[in-house]
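This note's numbering applies: residue 3 is where the sequence shown begins, and numbers increase by one. Virtual Cβ for every residue (Gly too), placed ideally from N, Cα, C.
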Amino acid sequence: MIRRVGRPGLLGTMARTAVIAGTAGAVNRSMNRAATNRQQTQADAHAYRDQQAQPAPTASGGDDVVEKLNQLGRLHASGVLTDNEFAAAKAKLLA
Numbered sequence: 003m004i005r006r007v008g009r010p011g012l013l014g015t016m017a018r019t020a021v022i023a024g025t026a027g028a029v030n031r032s033m034n035r036a037a038t039n040r041q042q043t044q045a046d047a048h049a050y051r052d053q054q055a056q057p058a059p060t061a062s063g064g065d066d067v068v069e070k071l072n073q074l075g076r077l078h079a080s081g082v083l084t085d086n087e088f089a090a091a092k093a094k095l096l097a
């Protein structure tokens, strides 16, 4: 068998080109995936910071709800409100 020395033939050139193209495609997909993951992580962090920046409910708002629930309980105990009316008003306050 005669061994060729020098430049590769057509088949060798095609094989080399296929390997290079496949590697370039794999690297491109990997870089795109990494960029997408990085963007998603940044969006998640931004959403978390926005959520943490929202003001917490004040204690006076909680006391107001508790006072209204106590008032509803007194009205229910005195017979002014029926069981269904009490349950509906309580659910509305807690929603």
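- The three-state secondary structure of Leu95, taken from DSSP, is helix.
- Your pair Lys92 and Leu71 checks out as a contact, with CB atoms roughly 7 Å apart and the cut at 8 Å.
- Assigned with DSSP and collapsed to three states, Gln56 falls in coil, not helix or strand.
- Taking C-beta atoms as the reference points, Leu83 and Leu74 count as a pair closer than 8 Å.
- The C-alpha of Thr38 is placed about 10 Å away from the C-alpha of Ser32.
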